[in-house]
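Reviewing the structure listed below.
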């Protein structure tokens with residue numbers, strides 16, 4: 289891949305470093321030569337057969353103005369690629385603040401199995417783990433994150449008429465200023481789809497649905513997606529922030545091996561178990577977040593008809609929880 293550092297795009301955006309790579313392209317940090325404002329530039333190659341709808345969505349969202357949505361500045365078309373110019377968010381993904389107990393357990397088992405690891409590697413791993421464990425979100429910040437993501441979705445669904453389709457902890461950026469959570473922004477619109485237009489949820493027969501593993505609602509495996517499917521992913525983020533666990537477990541290998549009907553049934557059973565039969569550890573953690581036990585089923589219920597029908601209704605319910613907390 290060509291090293292873009294030092295390249296100036298459209299005589300305006302000087303690339304200073306690479307900051308990420310995804311399925312649709314590579315993202316760089318860039319600055320404006322005249323006043324040093326920072327931007328994030330995503331380069332998407334035309335030869336990669338990225339659907340035209342992806343570029344159309346980014347152009348549509350150039351007009352989006354909302355505090356809980358990462359701002360799209362412009363889309364630049366060149367002969368061989370598109371550049372999506374976005375605001376540079378000085379923050380971290382919510383994923384960095386999730387104490388993933390299941391992942392930690394799996395890593396410990398792997399370390400026990402691999403006795404050949406050097407002492408220095410082990411120390412480095414401990415440092416990385418300690419670094420992640422030191423990042424925590426308070427109860428108040430938790431509610432601010434959930435509210436921010438729901439507000440972002442309300443704006444996308446109702447004002448821009450767009451599904452996000454890839455809501456996950458990695459795609460929610462939070463910014464602390466003087467140890468106070470100031471900004472919650474939903475980012476990465478590569479999988480967005482205009483509401484009302486024909487949508488392919490399962491790209492081909494026996495294929496898995498489009499989206500990120502373990503954030504996909506059960507109905508995706510039946511080829512259905514609507515606003516409630518985006519809300520389900522918010523529920524997954526909330527569940528993981530509180531419990532450090534996934535509300536259901538599914539590996540890439542199992543997703544590829546099982547048929548979609550069996551996957552849907554498995555996810556449904558595990559979700560019902562998570563929501564109704566919590567162990568003592570999960571129950572004690574939920575108790576630290578008064579109101580969460582009533583909100584989570586509105587987001588995570590396996591049957592979409594049992595979820596909040598829209599982000600608006602979810603926010604109304606959340607407002608009731610906040611009133612009760614303030615009166616307690």
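Numbering (this note's numbering), first residue to last: 289 to 616. Every residue gets a Cβ at the ideal spot worked out from N, C-alpha and C, and that includes glycine.
Contained beta strand (DSSP E) runs [length at least 3] in the segment 442 to 493, N- to C-terminal order: 460 to 465 and 468 to 474
Quick check on DSSP: helix, strand or coil for residue 535? coil
Would you mind working out which of 603, 586 and 590 sits nearest residue 596, comparing C-alpha positions? 586
Helix, strand or coil at residue 318 [DSSP, three-state]: strand
Limits of the unbroken alpha helix (DSSP H) element including residue 346: 340 to 349
Looking only at DSSP bridge pairs, what is residue 381 linked to? 461
Assess contact between the segment 487 to 496 and the segment 458 to 470, defined as three or more Cβ pairs (one per stretch) separated by less than 8 Å. Is contact present? no
Sheet register partners of residue 372 (DSSP bridge): 330 and 363
Flag residue 517 as yes when its Cβ comes closer than 8 Å to any non-hydrogen atom of the ligand NAP, and as no otherwise. The ligand NAP is absent from the structure shown, which contains no ligand whatsoever.
Counting along the chain, where does the beta strand (DSSP E) carrying residue 301 start and finish? 301 to 309
Delimiting residues of the alpha helix (DSSP H) encompassing residue 585: 580 to 588
Residues near residue 626 in its chain [Cβ-Cβ closer than 8 Å; skip 5 each side]: There is simply no residue 626 to check, as the chain begins at 289 and stops at 616 in what is shown.
Can you list, in chain order, the residues of its chain with a C-beta nearer than 6 Å to that of residue 592? Leave out the 5 residues immediately preceding and following it. 507 and 516
Assuming residue 307 contacts residue 328 under a Cβ cut-off of 8 Å, what Cβ separation, rounded to an integer in Å, is found between them? 7 Å
For residue 418, is the classification buried or exposed, using 16 other Cβ atoms within 10 angstroms of its Cβ as the cut-off for buried? Confidence is the limiting factor: at residue 418 the pLDDT is only 48, short of 50, which leaves the residue's position unreliable, though a coordinate-based value still follows. Its Cβ having fewer than 16 others within 10 Å, residue 418 is exposed.
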